[in-house]
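Written below as structure tokens is the structure these notes are about.
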Amino acid sequence: MKFLVFADVHGNATALNAVLQKERDFDSVVFLGDAVSPGPQPNETIELLSALRGVFIQGNHEHSMLHPESTANWPDGHKALMDWIYEVFHESGYELLKKFNSPGEYELDGRTFVLAHGDENKEVRHVLPDSPGQYFDTFRYGNNASDVLFGHSHVQFRRRIGNQEFINPGSIGQNRCGHVLACYGLLVDGEFSHHHVAYDPTPWLDACDRIPTLHQFAKFRDWFKQQALTGYSMGASEPWLSYSNKGYL
């Protein structure tokens, strides 16, 4: 059985569509959270996701979408973007987000996996390739799973600790390591492999320019667009520069 494993689309339907055009013969999906925000293509993204079948895990941005009060104190530009998303997002999209599952143990093709977004321990911002081993304890949902699939940190990697392997498929929509790539994974007959596809971000950039609430936040909009052009969605800063230099996607 073939699973498409992905996370962190963040309202980038352009990148998600590039993956779906490349991978057409999967049987099911494993989505590890953060679907539509903060991005300029929320409805286009949820339309693509709604056509897929599989396991969908809640991320921190699902919480933000379903609890608008949580973004009340965000910086002005970010809040203006979120306010627009709240206004234009279709009700059917909200209903789909409500159906996303909690992290935990799930059976995939006869094997038990831990599926999680990666933000469950609020004291650990990101679980990264060289994070201390105890950071990975955030994924302890039981003793039956030898593999943990998670997202949130937007870095494609796998790491074995004891008898468990921790696998991050990377980010579809917001690469942080300086590559204009949509990153994902395939789980085929129990064997996981990392993959990526290049895409043209022009439709995503054009969508940013059409967001009316960002007209008065041109500096933020330009910064936000720059992430798509450079592949540094958190800025060309550490630790992302180091990960890029080490070859991470």
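Just add 221 to wherever you are in the sequence shown, counting from 1, and you've got this note's numbering. We put the CB at the ideal spot given by N, CA and C, even for glycine.
Residue i - DSSP class collapsed to helix/strand/coil
i	result
D297	helix
F378	strand
L329	strand
S465	helix
V309	helix
N322	strand
D368	strand
S352	coil
L336	strand
K343	coil
G232	coil
L450	helix
F252	strand
V240	helix
F224	strand
G456	coil
G275	strand
F247	coil
P289	helix
8 Å contact criterion, which residue i and residue j should meet: CB distance rounded
i	j	result
L349	P460	7 Å
L237	G394	7 Å
Y420	A239	4 Å
P261	I432	6 Å
A366	V345	That pair is no contact at about 19 Å.
I306	P259	7 Å
F310	V257	7 Å
H417	S374	About 16 Å; that fails the 8 Å criterion.
L470	G383	Actually they do not touch by this definition, with Cβ atoms about 26 Å apart.
D410	E386	About 16 Å; that fails the 8 Å criterion.
V226	G406	4 Å
Residue nearest to residue i in terms of C-alpha spacing, selected from the options
i	options	result
D358	H375, Q377, A337, V376	A337
D330	H311, L408, F277, G383	L408
D427	R442, H416, H417, R245	R442
H415	N389, W425, T423	N389
L370	D304, L253, V345	L253
S465	Q385, P424, F378	F378
M222	G260, P263, G275	G275
W425	T235, F387, H282, E290	T235
D255	E386, L435, Q279	Q279
F224	H288, E341, E412	E412
R190	L402, Y356, V401, V226	Residue 190 cannot be examined here, being either before or after the span of the chain that is shown, 222 to 470.
L241	T292, N342, C404, F277	C404
K467	H284, D351, N233	D351
Y315	S285, L402, F438, F227	S285
K300	T333, F360, E341, L435	L435
Query raised in the report: Hey, which unbroken runs of the beta strand (DSSP E) at 3 residues or more fall wholly within the stretch 386-438?
Result: 402-409, 412-419
**Report entry** At least 3 beta-carbon pairs within less than 8 Å: the stretch 450-457 vs the stretch 395-406
**Finding:** yes
Query raised in the report: Should the stretch 257-268 be regarded as contacting the stretch 320-330, the criterion being three or more beta carbon pairs within less than 8 Å?
Result: no
Query raised in the report: Is it a yes or a no for the stretch 314-321 touching the stretch 433-448, going by three-plus beta-carbon pairs under 8 Å?
Result: no
Query - Segment contact flag, the stretch 290-299 with the stretch 239-249, C-beta cutoff 8 Å, min 3 pairs - result: no
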